[in-house]
Amino acid sequence: MAEVLLEARSLTKSFPGVRALKGVSLTVGRGEVVAVIGENGAGKSTLMKILAGVQTADTGEILIDGQPAALASVEEALARGIALIHQELNLAQNLDVAANLFLGREPRRWGLIDRARLHREAGQFLRAVGLDVAPETRVGSLAIGQQQLVEIAKALSTQARVLIMDEPTSSLSAGEAENLFRVIQDLRSRGVSIVYISHRLGEVTRLADRVVVLRDGENSGELARHEISHASMVRLMVGRDLSQFYPHQPHVRPETVLEVEGLRTPAHPSHPLTFQVRAGERVGLAGLVGAGRTEVLLALFGVQPPVGGSVRIEGRSLQPTSPTEAIAAGLALVPEDRKREGVVLAMPVRENVSLASLRQDQRHGFRDAAREEALSAEMIQSLRIKTPGDRQVVQFLSGGNQQKVVIGKWLALKPKVLLLDEPTRGIDIGAKQEIYRLMEELAAQGVAILFASSEMEEILGMSDRVLVMHEGRINGELGRHQLSEEAIMHLATGTAPAASTHSSESHP
Amino acid sequence: MKKLLGIFGLLLAVCLFATWASESFRSGYNVENLIRRTALFGVIGIGVTFVIVTGGIDLSIGSVICLVGCGLPWLLTVQHWSLPAALAAVIAVSVGIGLAHGLLITRLRLQPFIVTLCGLMLYRGITRGFTADQTVGFADGYKGLRLLATGKIPVPGIQGFEIPAPWAVLVVVAIAAAVFLNRTIYGRYLLALGNNENAARYSGIDTSRMIVLAYVLCSTLAGLGGVLFVLDVNSAQPVDFGNFYELYAIAAAVLGGCSLRGGEGSILGVIIGTALILVLRNVVTLVTNHSNIEFAIIGAVILAGVITDELVKRYAVRRRAARELNR
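Written as structure tokens, this is what we have:
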């Protein structure tokens, strides 16, 4: 390895209900691209936030150039040359590129902003990242890929020596991603170190000099350049072979449960969507951020009612104008943002589990307290929700157990179609596997499952069939035997469907 | 529950202090009057509790009291309506006001603060308009009806003390409200949506309808309060009748354990909170002889209360985090 620039030793960090890091170490050499990978909830984001001064570790130390450094704030981290580029870009859309680059550090002359110097210096950094736009361009008018380069230029303008990139390609098109890779390779050759976080193992294989794998808040292993392969990374990420981690028996039955024809979502009204999900079938919705996966689920569930098309559940027509109607028709949704849409954080487990079924269990408007108690006891036991009791406030449960509470809320209603949006986001690996086992059990019972996921391994491991979305359209469909990361990424980045079959009838 | 005991302890402490400091405080007349006023303010406090539980606010309560409190005697003595017609009219207007607030807030997505602030100005202005700012009252009439507010119910076995009649109204309203909030599915829906409206909606709850219901309950109870207040004092001046009463009601609800962020509320707590505010007001007047600093004292006490509450909460969170770390 080249000379060590940044070193983190045995970092730990706890949040209420979660131990996010249990002693994680990381070294970054000068001019090295280190990829940090791991499943959702493995601790990647926490580690990056600590390195960038957004959060501070409970214990452990950070060395820069071999000297202990206390990175108590983002400003201190920047001063020591560490810059974090968030997954969600932090740019002022209403200001021009130059103003964004030097926000808070504007060159001044007699107390006023020195505009000539601002634009001149901005131009240098834009050239360094290969972004060919005028410094006077308003950021809001740039494409997402260009905005990302503005963020990188901004980091360089602070004399950053270590750039941390969190899922930089999650919302980029194939061409934009290509350009980003070029910029990264150029930066490396100029001695800038990159810490690259990604779910896309293909990118990692291509870019990384070294891969550091985290699992459940601990280092699970490291791979040198010549050891990097898809299989070796997955093994370290999930701790065993893929087939054991993702339970998958075929349960698909012949009868169609969910039939969607010409569905137009408010977000992409010009792209009618048609697909079916059968009893016992698990259909994955894949695609880049912003491809319209969540919008499909929200339209079906009546949160953002569709503007056209028809939906049938077991042959019966449904006009999803509100969740109330969707639920009555047999739909259930485990939403993407668990804390905002899934659970009521300040309420106990019992009251969360019963929330959706209160209506059907009511007695002339009165709550059936005995039924409520029995139901929550049943769900805590059958879903193995780890809680001191059903009076425990959900806020203090771990993410995985919160997710089980959301699922328990729906199982009480015995749904025919279960919609899940990022079902395992931000939960630890043990709970994750339990969620997968639950999906497997429900499929075995004949529930039709439609789930959206950004996690490639999850899509590959859990789906009987995958619908790949791109810019609001279903760009292709892959049966289980056709599934591969490459095939999905091809369709997700807008390439025309190649080896995919468009008919939903011809899969195993 | 701990919070309720805390606020009840504070009420007892203030009462003990007042009993020691002021002879007039412990006079039968004063005690009876305090209890009567607590019942009247308790009714409107319970109303605003429903709105606060949803995370909303109703600033128009005092003006609804003015509209109803002046409107009822005006209809009876100036317009010579029959008693049932006049009562039906003022209650219908109260329900209608709540319905309008609720629909504006849920359908047009206007902010509760703005909608009810406009209500505050509207209803008082309308009242001052149709009464031409003249004081209205029942004079010597409607003695039977006025017993609802001024009557006394003798307690068997205790001499020289009778329960003021509005307590009967308060007890009925409070029990109904507590059962609704704690035992029906709708009460649970209100608490859930006050904590997290999205999660409630995603669980199939018609949150808009529940919010409208909360505003209807609030304005209706404000209207009922307006009837009782005017029956109690016999005459009302449109300029200041019910002025600031919404603030007493909101303060009582907050003292009684409601969070203005929504999702929390206790009917018993509101009644205790109401009593505390009224006793404080009374004590300031009797002990200091400076009734003009009354607002300052009440404001300071409420501020101290919410600061204590927040600090206790933070302490609990920190202790929990420390426990987790040691585990």
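Residue numbers (the numbering used here), protein chains in the order written: chain P, 30 to 537; chain V, -11 to 315.
Glycine included, C-beta positions come from ideal geometry on N, C-alpha and C.
Identified DSSP bridge partners for residue 248(P): 243(P)
Where residue 257(P) sits in the DSSP three-state scheme: coil
Chain-ordered neighbours of residue 190(V) on chain P, where CB pairs are closer than 8 Å: 330, 332, 352, 362, 364, 370 and 371
CA nearest to the CA of residue 175(P), picked from 159(P), 381(P), 492(P) and 387(P): 159(P)
Close beta carbons around residue 83(V), own chain, < 8 Å, minus the five adjacent residues each side: 204, 207, 208 and 211
Cβ distance (whole Å) where residue 365(P) is taken to contact residue 323(P) below 8 Å: 6 Å
Helix, strand or coil at residue 32(P) according to DSSP, with G and I counted as helix: coil
Residues that residue 174(V) contacts on chain P, provided the C-beta gap is smaller than 7 Å: 394
Coil, strand or helix - residue 142(V) by DSSP: strand
Any C-beta of chain V under 9 Å from that of residue 376(P): yes
Alpha carbon of residue 318(P) to alpha carbon of residue 202(P), nearest angstrom: 10 Å
Outcome for residue 233(V) when other beta-carbon atoms lying within 10 angstroms are tallied against a minimum of 16: buried
Among 244(P), 277(P), 105(P) and 224(P), the one whose alpha carbon lies nearest that of residue 510(P): 277(P)
Partner residues on chain P for residue 308(V), Cβ-Cβ distance less than 8 Å: 45 and 425
Residue 277(V) - DSSP class collapsed to helix/strand/coil: coil
Proximity of residue 404(P) and residue 396(P) at Cβ, strictly below 9 Å: no
Top-ranked residue by Cα proximity to residue 253(P), from 64(P), 88(P) and 454(P): 64(P)
Contacting positions in the region -6 to 26 of chain V - beta carbon closer than 8 Å to chain P: none
Selection of the region 159 to 171 of chain V by Cβ proximity to chain P, strictly under 7 Å: 171
Host alpha helix (DSSP H) of residue 491(P) (start-end): 485 to 491
Where residue 237(P) falls, given that 16 or more other Cβ within 10 Å makes a residue buried: buried
Nonlocal neighbours in the same chain, by C-beta distance under 7 Å from residue 488(P), ignoring five residues either side: 313, 315, 482, 495 and 517
Residues bridged to residue 53(P) [DSSP beta-bridge criterion]: 40(P)
Contact belief for residue 259(V) with residue 30(V) at Cβ below 8 Å, rounded distance in angstroms: 5 Å
Runs of alpha helix (DSSP H) lying entirely within the region 318 to 345 of chain P, each at least 4 residues, in chain order: 322 to 329
Cβ distance (whole Å) where residue 92(P) is taken to contact residue 86(P) below 8 Å: Actually they are not in contact, since the Cβ atoms of residue 92(P) and residue 86(P) sit about 13 Å apart, beyond 8 Å.
Near-chain C residues of the region 251 to 265 of chain V - C-beta to any C-beta below 7 Å: Given the protein chain composition of this structure (P and V), no chain C is represented.
As assigned by DSSP and simplified to three states, the class of residue 9(V): helix
Limits of the unbroken alpha helix (DSSP H) element including residue 165(P): Segment: none, residue 165(P) is in no alpha helix (DSSP H) and carries neither H nor E.
Within 9 Å, strictly: CB atoms of residue 200(V) and residue 86(V): yes
Residue 189(V) versus residue 308(V): straight-line alpha-carbon distance, rounded: 31 Å
3 or more residues per run - each beta strand (DSSP E) lying fully within the region 87 to 128 of chain P: 88 to 93 and 111 to 114
First and last residue of the uninterrupted alpha helix (DSSP H) at residue 23(V): 16 to 41
For residue 126(P) and residue 161(P), the rounded distance between their alpha carbons: 11 Å
Cross-chain neighbours of residue 202(V) in chain P, by beta carbon under 7 Å: Those do not exist, as residue 202(V) stays about 16 Å from chain P at its closest Cβ, beyond 7 Å.
Within chain V, partners of residue 50(P) - CB distance below 9 Å: The premise fails here: residue 50(P) is roughly 13 Å from chain V at the closest Cβ pair, so nothing lies under 9 Å.
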